[in-house]
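Residue numbers (the numbering used here), protein chains in the order written: chain C, 1 to 349; chain P, 1001 to 1349; chain U, 2001 to 2349; chain S, 3001 to 3349. Quick reminder that beta carbons are idealized off the backbone N, C-alpha and C, glycines included. Scroll down for the structure; my scribbles are underneath it.
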């Protein structure tokens, strides 16, 4: 690109919005030019409106931007959305209609028949639903979503194993507090504790990976034909969702084949060459006590899933392992940015 | 009892040893008269030798006791053992031979054919193995063990459900740091982190509940005929092991029947009347986000297992729920004391 | 008392309100009969309205009470207030006027000239301001406050040392998250972090101890003539405020005299015989690494201050030490209950 | 430099040793060629011998190095020492004698009359003691130390204020667990707790800053003539020591002058141009609640001290503020590397 593409961030003051801004600082293709947030913040300087919860400070250039209201007309061709689901529903649709390409972290349209639930290494071909949107709705823009933060490590670790026929998956998650946004989880609840419930999370984890791993048919995606059982818990960890996964395959498969499938997994062209793509989408750790959220969440700049502890599971009749991904990078803002890079590479932007 | 029974504590300076001393303070039947620890501590006053890791101080009477070496001849008829497994093996056998009744938290003899793995509400009848020991080995004393701390909530929550035919169990644990003793887990490892591995733990969790829930036949216990798959992790929680359990039954069973089985579970006579028995061995919480380690571990004085979040599990073809127990009370010292109370009530002491 | 006195709790659903209810469960003199909270909760059953943040459950009898609105006429002669400062101002005054004795944890009236800032072991005589209130305002009831949670350990540890002439105090606090109420401090802020600022806290800590340690003169309290410099920080601890205190005395005093003053401190009659008074108001620990919040906050049922690490301070020209008290017990609800007991013993109720 | 200088790390498997290796990865002047550790590790591959406690993995090139024993003859001209104090004493002296330049994080020689306690921005001229060492002891090499990790933020924040005449300093620290090495602090001690004592720490904090801020006279350093009172505590934070500092000056000085002194502080040439020197040695935060360990420890790549909350202190008769520095970067390995860079720039290497 000769010149960086202007970008707007919706929900820019929240925890995921901040992560977008942090990850886009110095991005080779994109430059944050507009920040949008709720009416309470609108009109203020971003540096004053945002209570920055990441280390350090917001980048100077962004700190000086004025916060725009949710109904503002935007100039940026590319829009990242970190809005809450209910607000996202009307705002994102309107912007796609108005000619913007929206890459959204919100849940509103993830399961919509014409909206891709993109994770480029897994399903770059689903991006073609943008064309369907343009045909069906007459949009100049488009709308792509990324998955729930817990679906990311599950789908990424399962993707290289699709070849063995995934039939059933049991997932028990230990999720980080940043997944709940800011202010999010009260310290009085989670300090020295586990909360074995996250509102609305288990249905997402039982559905979204099936779409991500599904097959594009004409104008929609057929879900992968497998059953998922999810239990989601919150643990006192800042970033990084860890999931214990058990999986049954249609065919018999050995440990070496599974490890090899993970280690050699790269995703289709042009994904490995996109700026935010990690060298190794799935990193296999061989120590007995890895992956660990604090020590492995930043693998591949937070864009790799890390797996370990592969062992037979006599109950599901298959294998079990641990999978981890950084929930606000690969599981949110980072994946959305990679999705946008794919859409640029595909010529939709 | 007219007069309290004298009690010795093996491994008295360690974390579980301290919990024995704390729980026996003011016990109606037992009185700590001898404290035994490694040679390093032997000869010192207990109050000086023990780095007390529980809140407050050791009871004054115990603080003044001299620490005895591991090979000391003991006067107390009842001995509680909080020794490491390797040391326990020789010391406990010798003491049982010498006429003491040993109630051990160590793993050395848990799966020994003539040693009961006791949890009174579940398998009080297994105590009859003491008679087998006396007959086979000519002991005046006896040896009873309690389970691994993670097996406790799993076995307790499954016990009331045995009637439905337990076929398969999948368990993913989130275990507290006190389970590793003192000094145990370095803060540099577990702060803001999860360690998805505990050395030697998964095989125990895949075996011990089957013995606890098994059937006494003549001179040994037939394991329950079911398969267990375990994943054990360490989380930044002080006390209380939380386990996500999925279970498949031989017969179809509904939610109401499962809840009723838990709520009405009491254990056989004379267990409910023993001093350390909780009113309700299995407490059912109906809130969506319970049980939580910090808020539920002290239910029933730390002697109740707490269950919640009962839901169908489409993958195992049965039900899933969360179970919790205090790992150093019900999962260690408290259970051992309840076991000793049962042995007294049965006339073995 | 032949029959327990009925008690109302204002702000009953908050964190301190819950602590009142927990501490009053089984109280020999008082019985919770009315619970009052904001309009949002009013009309609901307490068990449904309150998100219980303490371990276990609210007591059954209280869980069944209906939540009353803030403007309700109350039947209980004794009212405990855990209201936020701004709401407390109008509600507490109205209730005192209406004939209730109000014991308040709110800050609104702590420094009011006719309102005692009571901590019975220190200044039981200040309770006579109730008589002043009745004379000046024509009240049938009365209003007594307890201090800010951080002032409690500072004032309690200084009280026995007043005899040596307190001239200057430097205090650096490490405060628990429960001091901020619920939801209070976001986990994203305090996990693995220290926040070196608590809004409004330092001015309180620089003023309130001077009133608590001051002298009753006719119809008001003369502040102790000393200067206090405070720095207040928040640390990832659930309960228990720890304060590093340096103090300069008017006269030379040795270590032994200071220790003896603490150890022998009891407070004036009838305080030591009140139901909530601890045996030892100031507990002196002699280990090098105590007091610690988690291990010492429950000393004296949470009603003792714990001190340790007494050493000369060459900069202030005096002594330095660490002081600790349980912030929601001695520093809030527990102290308020002890205050009420004192008012009963003095015949004001 | 045309070619990187070979470097040896003593105590390479410990927590600070690992930080040396991490920070030297990709260093423009230095390259790790030898790793030395206790006999237990000697002979193993570094990647096998070290339990890596930092995120990710050790650099590949270092992981392949064999661990050398403590008495090995070394080839590297530059040696970094992360040895425990008692072992450091003999090993470091021997290596300096043998012609190596040793930059040590150990405490053994910090207060030795001919050894500089270097923090380049503050006292680069003290490096001339290397010449004294060569003259007095006939060494070809030399020995320079860096301060205790808590002395670093105190000395760095005081250095720009020397001009106002520092007379007295009171410091209360809240120190991170990484300061205790690995395994270091047990999680059972520090979880949800503060430990108000660190063995040997307060005397260091009361002495070392006086040498760092002192004046080079001939062959030794005159300590700064001021008195320091220190209280050191451990808090549940991974990295970053936060210190509440009160200071009295010889002359009256206003807030603006203090802020300006901090903001404009750079250190003498050639320090600002050394590879590890941060742009801003002292970063001034103006928000009311900063500096915070987690959010500010990485300022300047972990090499800046961060100060904030400047307020008058009526007790010391001066000013008070909070200061923070990353304890294993600026307070240990990073400072030692900067010291070595200075020694290279000065021609001692």
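Item, Value
"For residue 135 of chain C, is the classification buried or exposed, using 16 other Cβ atoms within 10 angstroms of its Cβ as the cut-off for buried?", "exposed"
"Excluding five sequence neighbours on each side, which residues of the same chain lie with their C-beta closer than 7 Å to the C-beta of residue 7 of chain C?", "24, 30, 31, 32, 33, 76, 78 and 80"
"Quick check: is the beta carbon of residue 3051 of chain S nearer than 7 Å to any beta carbon in chain C?", "no"
"With 7 Å as the threshold, decide whether the Cβ of residue 3034 of chain S is near any Cβ in chain C.", "no"
"Output, in chain order, the set of chain S residues within a Cβ distance shorter than 9 Å of residue 248 of chain C.", "Correct list: empty, because the minimum Cβ distance to chain S is about 32 Å."
"Please go through the stretch 1051-1114 of chain P and give each complete alpha helix (DSSP H) segment of 4 or more residues, from N-terminal end onward.", "1060-1063 and 1085-1097"
"Classify residue 3163 of chain S as buried or exposed, calling it buried when 16 or more other Cβ atoms lie within 10 Å of its own Cβ.", "exposed"
"Which residue's Cα is closest to the Cα of residue 3014 of chain S: S:3004, S:3046 and S:3026?", "S:3046"
"Give the list of continuous beta strand (DSSP E) stretches no shorter than 3 residues that lie fully inside the stretch 1017-1057 of chain P.", "1030-1036"
"What ranges does the alpha helix (DSSP H) occupy inside the stretch 169-247 of chain C, keeping only unbroken runs of at least 4 residues that lie completely in it?", "187-190 and 201-212"
"Looking at the unbroken beta strand (DSSP E) that takes in residue 3313 of chain S, where does it start and where does it end?", "3305-3313"
"Applying the criterion that 16 or more other CB atoms from any shown protein chain within 10 Å of the CB defines a buried residue, is residue 2056 of chain U buried or exposed?", "exposed"
"Since residue 3328 of chain S meets chain U, which of its residues come closer than 9 Å, beta carbon to beta carbon?", "Here the premise fails: no neighbours, minimum Cβ distance about 15 Å."
"Tell me the rounded alpha-carbon separation between residue 1192 of chain P and residue 3332 of chain S.", "23 Å"
"Here's the rule: buried if 16 or more other CB atoms are within 10 angstroms of the residue's CB, otherwise exposed. What is residue 3179 of chain S?", "buried"
"Any idea what DSSP makes of residue 2318 of chain U, helix, strand or coil?", "strand"
"On the DSSP letters alone, give me the boundaries of the alpha helix (DSSP H) that residue 2332 of chain U sits inside.", "Taken as a continuous stretch (DSSP letters only), residue 2332 of chain U belongs to no alpha helix (DSSP H), as it is neither H nor E."
"Give the range of the beta strand (DSSP E) segment to which residue 3296 of chain S is assigned.", "Careful: residue 3296 of chain S lies outside any beta strand (DSSP E), inside the alpha helix (DSSP H) at 3293-3296."
"List the DSSP bridge partners of residue 2009 of chain U.", "U:2035 and U:2080"
"If we call anything under 7 Å between Cβ atoms a contact, is residue 2291 of chain U one with residue 2324 of chain U?", "yes"
"What residue does the alpha helix (DSSP H) around residue 1261 of chain P start on, and which one ends it?", "1255-1263"
"Check for me: the beta strand (DSSP E) holding residue 2118 of chain U runs from which residue to which?", "Counting along the chain, residue 2118 of chain U falls outside any beta strand (DSSP E), and DSSP gives it neither H nor E."
"Is it buried or exposed for residue 1090 of chain P, if we count other Cβ within 10 angstroms and need 16 for buried?", "exposed"
"Run the CB neighbour count on residue 1037 of chain P, radius 10 Å, all protein chains shown included, and call it buried at 16 or more, exposed below.", "buried"
"Pick helix, strand or coil for residue 3287 of chain S, following the three-state DSSP scheme.", "coil"
"Classify residue 3251 of chain S as helix, strand or coil using the three-state DSSP reduction.", "coil"
"Using the rule of at least 16 other Cβ atoms within 10 Å of the residue's Cβ for burial, across every protein chain shown, is residue 1003 of chain P buried or exposed?", "exposed"
"Can you give the Cα-Cα distance for residue 122 of chain C and residue 1173 of chain P, rounded to whole angstroms?", "30 Å"
"Could you check the C-alpha separation between residue 2061 of chain U and residue 195 of chain C for me, to the nearest Å?", "27 Å"
"From residue 3098 of chain S to residue 3185 of chain S, what does the alpha carbon distance come to, in whole angstroms?", "36 Å"
"From the beta carbon of residue 2168 of chain U, is the nearest beta carbon of chain S less than 7 Å away?", "yes"
"For residue 3107 of chain S, which residues in the same chain have their Cβ closer than 6 Å to its Cβ, ignoring the five residues on either side in sequence?", "3085"
"For residue 206 of chain C, tell me which candidate among C:183, C:175 and C:170 has the shortest Cα-Cα distance.", "C:170"
"Leaving out the 5 sequence neighbours to the left and right, which residues in its chain are closer than 8 Å to residue 18 of chain C when beta-carbon positions are compared?", "12, 50, 52, 53, 54 and 58"
"Could you tell me if residue 2217 of chain U is buried or exposed, where buried requires 16 or more neighbouring beta carbons within 10 angstroms of its beta carbon?", "exposed"
"Report yes or no: is there a C-beta of chain U within less than 7 Å of the C-beta of residue 293 of chain C?", "no"
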